[in-house]
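These notes are about the structure you will find just below.
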Amino acid sequence: MTATSPTARTGQVASAQPSARPGKRGDRTGAASRAPWLLLAPFLALFILTFVLPIFVAVGSSFTKVTRSGLFGEAGVKSEFAGFSNYAQALADGSFVASIGRMLLFGVVQVPVMIVLCTVLALMLESASAKWPGFFRAAYFLPYGVPGVIATILWSFLYVPGLSPLFDVAALVGLTPDFLGANTVLWSIANIVTWSYTGYNMLIIVAQLKAIPGELYEAAKVDGASTWRVALSIQLPLIRPALVLTTVFSIIGTLQLFAEAQVLKTVAPTIDSQYTPNLSAYTTAFAYNDYNVAAAQAVLIAVAAFVLSFAFLKFTNRKSS
Amino acid sequence: MSQFTRRQLLSAGLGTAAVGLLSGCATPGIRSVNTAPVLAPAASGEKITLTYWCWLKDAQKVADIWNASHPQVQVEVVWIPGGNAGGYQKLYSALAAGGGPDLAQVEMRSLPEFMLVNGLVDVARYGAQDYAHLYDQTLWGQVSFSGGVYGIPQDSGPMAMFYQPAVLDQVGGTNPGTWDEWAALARELRQKDVYLDCFPLGDASVFTAFAAQAGASWLRPEEDGWVINMTDDATMKVARFFDQAIDEDLVQTAFGAYSPGWFAAAAKGTIASVVSGSWGDALIEGVSGGSGKWRVAPMPTWGGSGFGSSYLGGSTAAVLANSKHPREALEFAVWMTTSREGIDAEITNSGIGWSPSPDFIGTPRQAPSEFFGGQSYHQEIFVPAAQQQNKDWSWWPVTQQSFNILSDGFRKKASVTSLVDSVAAAEQQIMTVFRNKGLSIRKEAS
Amino acid sequence: MTATVTPTSTSASPARTSAAGTRRSGSKGRPSTIIVTAVLVVVALYFLIPVYWVVVAATKSTEDLFSTNGFWFAPTVALWDNLAQVLSYDNGIFIRWFLNSVLYAGIGALLATYFAAAGGYALAKYEFRGRNLVFGTILGGVLVPGTATALPLFLLFSQLGLANTYWSVLLPSLVSPFGLFLCRIYSQATVDTSLIEAARLDGAGELRIFHTIGLRVLTPALVTVFLFQLVGIWNNYFLPLVMLSDSGLYPITLGLNNWLSQVDRLPEFYELTTGGVLLSIIPLSIAMVVLQRFWRGGLTEGSVK
Numbered sequence: 001m002t003a004t005s006p007t008a009r010t011g012q013v014a015s016a017q018p019s020a021r022p023g024k025r026g027d028r029t030g031a032a033s034r035a036p037w038l039l040l041a042p043f044l045a046l047f048i049l050t051f052v053l054p055i056f057v058a059v060g061s062s063f064t065k066v067t068r069s070g071l072f073g074e075a076g077v078k079s080e081f082a083g084f085s086n087y088a089q090a091l092a093d094g095s096f097v098a099s100i101g102r103m104l105l106f107g108v109v110q111v112p113v114m115i116v117l118c119t120v121l122a123l124m125l126e127s128a129s130a131k132w133p134g135f136f137r138a139a140y141f142l143p144y145g146v147p148g149v150i151a152t153i154l155w156s157f158l159y160v161p162g163l164s165p166l167f168d169v170a171a172l173v174g175l176t177p178d179f180l181g182a183n184t185v186l187w188s189i190a191n192i193v194t195w196s197y198t199g200y201n202m203l204i205i206v207a208q209l210k211a212i213p214g215e216l217y218e219a220a221k222v223d224g225a226s227t228w229r230v231a232l233s234i235q236l237p238l239i240r241p242a243l244v245l246t247t248v249f250s251i252i253g254t255l256q257l258f259a260e261a262q263v264l265k266t267v268a269p270t271i272d273s274q275y276t277p278n279l280s281a282y283t284t285a286f287a288y289n290d291y292n293v294a295a296a297q298a299v300l301i302a303v304a305a306f307v308l309s310f311a312f313l314k315f316t317n318r319k320s321s
Numbered sequence: 001m002s003q004f005t006r007r008q009l010l011s012a013g014l015g016t017a018a019v020g021l022l023s024g025c026a027t028p029g030i031r032s033v034n035t036a037p038v039l040a041p042a043a044s045g046e047k048i049t050l051t052y053w054c055w056l057k058d059a060q061k062v063a064d065i066w067n068a069s070h071p072q073v074q075v076e077v078v079w080i081p082g083g084n085a086g087g088y089q090k091l092y093s094a095l096a097a098g099g100g101p102d103l104a105q106v107e108m109r110s111l112p113e114f115m116l117v118n119g120l121v122d123v124a125r126y127g128a129q130d131y132a133h134l135y136d137q138t139l140w141g142q143v144s145f146s147g148g149v150y151g152i153p154q155d156s157g158p159m160a161m162f163y164q165p166a167v168l169d170q171v172g173g174t175n176p177g178t179w180d181e182w183a184a185l186a187r188e189l190r191q192k193d194v195y196l197d198c199f200p201l202g203d204a205s206v207f208t209a210f211a212a213q214a215g216a217s218w219l220r221p222e223e224d225g226w227v228i229n230m231t232d233d234a235t236m237k238v239a240r241f242f243d244q245a246i247d248e249d250l251v252q253t254a255f256g257a258y259s260p261g262w263f264a265a266a267a268k269g270t271i272a273s274v275v276s277g278s279w280g281d282a283l284i285e286g287v288s289g290g291s292g293k294w295r296v297a298p299m300p301t302w303g304g305s306g307f308g309s310s311y312l313g314g315s316t317a318a319v320l321a322n323s324k325h326p327r328e329a330l331e332f333a334v335w336m337t338t339s340r341e342g343i344d345a346e347i348t349n350s351g352i353g354w355s356p357s358p359d360f361i362g363t364p365r366q367a368p369s370e371f372f373g374g375q376s377y378h379q380e381i382f383v384p385a386a387q388q389q390n391k392d393w394s395w396w397p398v399t400q401q402s403f404n405i406l407s408d409g410f411r412k413k414a415s416v417t418s419l420v421d422s423v424a425a426a427e428q429q430i431m432t433v434f435r436n437k438g439l440s441i442r443k444e445a446s
Numbered sequence: 001m002t003a004t005v006t007p008t009s010t011s012a013s014p015a016r017t018s019a020a021g022t023r024r025s026g027s028k029g030r031p032s033t034i035i036v037t038a039v040l041v042v043v044a045l046y047f048l049i050p051v052y053w054v055v056v057a058a059t060k061s062t063e064d065l066f067s068t069n070g071f072w073f074a075p076t077v078a079l080w081d082n083l084a085q086v087l088s089y090d091n092g093i094f095i096r097w098f099l100n101s102v103l104y105a106g107i108g109a110l111l112a113t114y115f116a117a118a119g120g121y122a123l124a125k126y127e128f129r130g131r132n133l134v135f136g137t138i139l140g141g142v143l144v145p146g147t148a149t150a151l152p153l154f155l156l157f158s159q160l161g162l163a164n165t166y167w168s169v170l171l172p173s174l175v176s177p178f179g180l181f182l183c184r185i186y187s188q189a190t191v192d193t194s195l196i197e198a199a200r201l202d203g204a205g206e207l208r209i210f211h212t213i214g215l216r217v218l219t220p221a222l223v224t225v226f227l228f229q230l231v232g233i234w235n236n237y238f239l240p241l242v243m244l245s246d247s248g249l250y251p252i253t254l255g256l257n258n259w260l261s262q263v264d265r266l267p268e269f270y271e272l273t274t275g276g277v278l279l280s281i282i283p284l285s286i287a288m289v290v291l292q293r294f295w296r297g298g299l300t301e302g303s304v305k
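Those protein sequence lines, which keep their order, are chains A, B and C.
Quick note on UniProt numbering: the first sequence kicks off at 1 and runs consecutively.
Quick note on UniProt numbering: the second sequence kicks off at 1 and runs consecutively.
Quick note on UniProt numbering: the third sequence kicks off at 1 and runs consecutively.
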């Protein structure tokens, strides 16, 4: 990291002095007030184009309804204000609501499992007892470089009977697993997500652990604290911000789940075309051609993600204060 | 100062964009191409390139034969995933974006869905009726709606039963003539730990084909809107039949036909047969060590009522709305599906389904098959099967959603709901879907 | 969460080196080392076995793939045939997909980092009207799932004629609200205001100050934002799936799924897909292993402060 040079410090004194070129003063402030907007301009322009406008479009088209007359709409199509009817239709769609419920169940189980797993791994890697921490860190992080689709293709080969060696291994201990059954496939997806993101989350926590000042460990040692005690009393409280961050990202990630279900659908007949909220919106838009209801679904997904992560942040804030 | 104007500019630009987008035209597919003037053919001497999106294997090789003799109209093939596995999504999104190919492979059952988003050109306006006599009349009926023609039949899948005689022989059985005999045979085979066939809970198209065979006609267009009847005697008979078959564990429901699990079971002989479309032959040839072990028989029938066979699958080459050259696209589609060289090339390169031309089933299909023990099953089984079809059946504008609704219900078969109940519930849901789209629909008065 | 260690004893201890000393003394407990290492090895197997499987599978012909043990090599090694097929199929479309991915992820991440740095720096180092509103809006953007905007974005881009072009994937990739968030926090913490003032006195323009001082000081955070965005774009599937219908524009994720969806009709695509998966995970895996040491910088700065 770059250290601030001693000359820079002197600049502070200089700034207090009146400007040497008073004539240019107005120019200066103009430039200074323009500068932040100039710097922000490219980001803001793109942000408006790819975040703000689409949200407007989504909200707008979620309040629009297209009605057709005739047998195939050949006698005329009209587009009109729909009120909340698209939202009502989205929420009355049992499959869409079921997909949200499914993701909640998924999130309630998978997110804590993954957060606990990556925390434990991080603590173990940073503990004195770990051998070759560099190797393990790299090995755990590696799946993050495998895109979700490709990770799913990979695991789907391991889930399919006849192709996967896992079945041979399971047969040795007398098990006949069914990774793609109606009740198991959700957890097969959870496994793929855990496999992909544990290492990444672990790395965030490891980074935070490394930032804990050595003095604290020293103090604990003087107090005769055990490894457990150190983990519970020093490390866990201090990595809390990282845990909050990873949890919020995992919650958002859960509601975004799409690729895993869509790819696995080809080998798992129990996955329907509305298995996750996103898959549902995609199907509604591009298989049922109902862009307006799909927009309503997209808005609902965004609101749910927003509310859930916001609630989680509030919850953790209250606990800490 | 400049900050102010910039902000003004920004908000003004944002405002106009938003107004433009919110004003309804943001919803794709609400402009009709079939009320626009007919497009002129390409000027002579002008060289044009047509694009054709389909999921046939090596279809470019078929197009190359056409290209060699038509230097002015070149056809370029782009492979897309099959139908609802991703191909339609791509087509819809391309259409919504104002693009897309000139021609696309669209299943018969999906034509009305594409019509609903104004995705198809009515090729009757470009002279398609002149070619009507070249096609099987049942299929031509399935591409004709309200006086227009919205696709050129490309292939179909008349159904029959593919079976392994040696496996049936374990219980002294042979190919069943009726579904009742089929059930009796299945019961005996279960003693030997063999399933006669699968019943796919996740794919409603097979159940639909069985219902059509039994004589059902779920939806039909009338002057005042659609008329639905999914709880007729024929459908209920089929639903009750498979309810019982599943309850008695006569059919395999853990996997569907042609899945990796199915291939393993078929090779081991724990799956004895499959009732499937004619295109199943190419897939069955992929069963390892299966050569000589398979035969083809007519589909079991429902006794006195119904038809000898049914169609499972079947696709068209449809001209899409944004095509600049619908006339030339139509000509290519007709050449591909009716000329001898076109049909033969589609069979050898793409392993296409049953030919829509009643006059020519294709040269490779006239010879006996070595894999199927020297049986000339195309002539023997499928030619008659293609004639014993339910001509009243017609497809409707929300087939995919209807199939999903049906299979969502079927998946619950494992726990609680019977097929009979899910079909009845599906009928109600499908009516809601129609009404949500603004289409009028009523239940058939019984 | 219950008890905290009393800080009184800290003062007694000498600084830094002792922390390492504490840890080292802990490693004398032999049984704990064995247990911890054993657990770490088991977990490592979980993470590595699928990768190992694909390496093995890529060496097999389709027939061997189904008939031989998945965790061991078949007698005939078809690796080179498979890879040659992957690279040559359909006039080398795989290489095209790969280059597309490099283009989307490389250019996207580079520009996104630069824009996020400029924006974050501006929000941290200038007082201006509307600052909090802008920052609050962008922060809201962090919490909106990218896939929820993809669908309306498609409708928008269709109207603008941008759908199914390179731009349709590249433009949304240039925005990283989270990157801006990190850059703002990092700027607040590390870019010295007096440095900026000094540069102003020397007559340097505001943009020049950002480019010479701001970017240099922000470098550690920029590396993190770049990597974060690079992986994010490389792994993105939903956006290109929604936007692109021309397979020549596909990134590698979409392309490989295109191949996978053909296996049920054409089993030879198993070889292509496993070979393609192997080739596609090699470069990024190497990148991950090498780059993971750079990862820590900004992320924790962001979350601690």
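Beta carbons: idealized from backbone N, C-alpha and C, even for Gly.
As the structure is a computational prediction, the values presented were derived from the model and not from experiment.
In whole angstroms, what is the alpha-carbon distance linking B:S156 and B:R327?
The C-alpha of B:S156 lies about 24 Å from the C-alpha of B:R327.
Please classify B:H378: is it buried, with 16 or more other beta-carbons within 10 angstroms of its beta-carbon, or exposed?
Buried: at least 16 other Cβ atoms inside 10 Å.
Who are the neighbours of C:Y121 on chain A, taking C-beta pairs under 8 Å?
From the beta-carbon of C:Y121, the residues of chain A found nearer than 8 Å are L39.
Whole-angstrom Cβ separation of B:G306 and B:A204, contact assumed at under 8 Å?
That belief does not hold up - the Cβ atoms of B:G306 and B:A204 are roughly 19 Å apart, past 8 Å.
State the Cα-Cα distance for the pair A:N317 and C:L182, rounded to the nearest angstrom.
When rounded, the distance between both Cα atoms is 20 Å.
Establish whether the CB of A:A3 and some CB of chain C are separated by less than 8 Å.
Low confidence applies to A:A3: its pLDDT is 38, below 50, so where it sits in the model is not reliable enough to give any reading.
Where DSSP assigns a beta bridge to A:R68, which residues make up the other side?
A:R68 is bridged by DSSP to A:V77.
If you drop the 5 nearest sequence neighbours on each side, which residues of the same chain put their C-beta closer than 7 Å to that of B:W354?
Within the same chain, B:W354 has close Cβ partners D155, S156, G157, P158, S278, F382 and A386.
Strictly below 7 Å CB to CB, what residues from chain A border C:F71?
Within 7 Å Cβ-Cβ: P165.
Would you mind reading off the limits of the beta strand (DSSP E) that contains B:E223?
In this chain, B:E223 is not harboured by any beta strand (DSSP E), its DSSP state being neither H nor E.
Contact check, C:P177 vs C:G141 under 8 Å by CB: the rounded distance?
That belief holds up - the Cβ atoms of C:P177 and C:G141 are roughly 4 Å apart, short of 8 Å.
Does the region 98-114 of chain A come into contact with the region 252-268 of chain A, if we say contact requires no fewer than three beta-carbon pairs (one atom in each stretch) closer than 8 Å?
Contact between the region 98-114 of chain A and the region 252-268 of chain A is established, with three or more Cβ pairs separated by less than 8 Å.
Measure the C-alpha to C-alpha separation of C:L143 and A:S309 and round it to an integer number of angstroms.
Taking the straight line joining both Cα atoms gives about 7 Å.
Check A:Y282 in the structure and name its three-state DSSP category.
Annotated three-state conformation of A:Y282 is helix, per DSSP.
Could you give the DSSP three-state label for A:L257: helix, strand or coil?
Assignment of A:L257 by DSSP, reduced to helix, strand and coil, places it in the coil class.
Nearest CA to the CA of C:L151: which residue from A:L53, A:P161 and A:F106?
Measuring from the Cα of C:L151, the nearest candidate turns out to be A:L53.
Which residues mark the beginning and the end of the alpha helix (DSSP H) in which B:E285 is found?
Unbroken run through B:E285: none, as it is neither H nor E.
For the putative contact between C:R208 and C:L123, defined by C-beta atoms under 8 Å, what is the C-beta separation to the nearest angstrom?
Rounded, the Cβ-Cβ distance is 19 Å, inconsistent with contact.
Would B:S350 and B:T338 qualify as a contact pair, given that the criterion is a beta-carbon distance under 8 Å?
It is not a contact, given that the beta carbons lie outside the stated cut-off.
Taking C-beta pairs closer than 8 Å, name the residues in chain B that C:L266 reaches, listed in chain order.
In chain order: K57.
Just the Cα atoms here: how many angstroms apart are C:F210 and C:A78?
So the two alpha carbons sit approximately 55 Å from each other.
Is there a C-beta anywhere in chain A that falls below 8 Å from the one on B:A264?
Answer yes: the Cβ-Cβ gap between B:A264 and chain A drops below 8 Å somewhere.
Checking 8 Å against the spacing of the C-beta atoms, do C:V36 and A:S129 come in under that value?
For C:V36 and A:S129, yes; Cβs fall inside 8 Å.
For B:T301, name the three-state secondary structure that DSSP assigns.
B:T301 falls in the strand class under three-state DSSP.
Compare the C-beta of C:V42 with all C-beta atoms of chain B and state if any pair is closer than 8 Å.
Not a single CB atom of chain B sits nearer than 8 Å to the CB of C:V42.
Output the distance between the C-alpha atoms of B:Q170 and A:P147, rounded to the nearest integer angstrom.
Cα to Cα, B:Q170 sits roughly 49 Å from A:P147.
Would you call the CB atoms of A:T152 and A:I192 closer than 8 Å?
For A:T152 and A:I192, yes; Cβs fall inside 8 Å.
If the cut-off is 8 Å on Cβ atoms, which residues from the region 268-281 of chain A count as contacting chain B, listed in chain order?
If the cut-off is 8 Å between Cβ atoms, the region 268-281 of chain A has P269, T270, D272, S273 and Q274 near chain B.
Could you spell out where the beta strand (DSSP E) holding B:Q273 opens and where it closes?
What sits at residue 273 of chain B in the sequence shown is Ser, not Gln. Here the beta strand (DSSP E) through B:S273 covers S273 to G277.
So, at 7 Å on beta carbons, what are the nonlocal neighbours of A:Q274 in its own chain, with the 5 sequence-adjacent residues on each side left out?
Counting only Cβ-Cβ distances below 7 Å, and skipping sequence neighbours, we find S95, F96, S99, S280 and T283.
Would you kindly work out how many angstroms separate the C-alpha atoms of B:W182 and B:L312, rounded to a whole number?
The straight-line gap separating the alpha-carbon atoms of B:W182 and B:L312 is approximately 19 Å.
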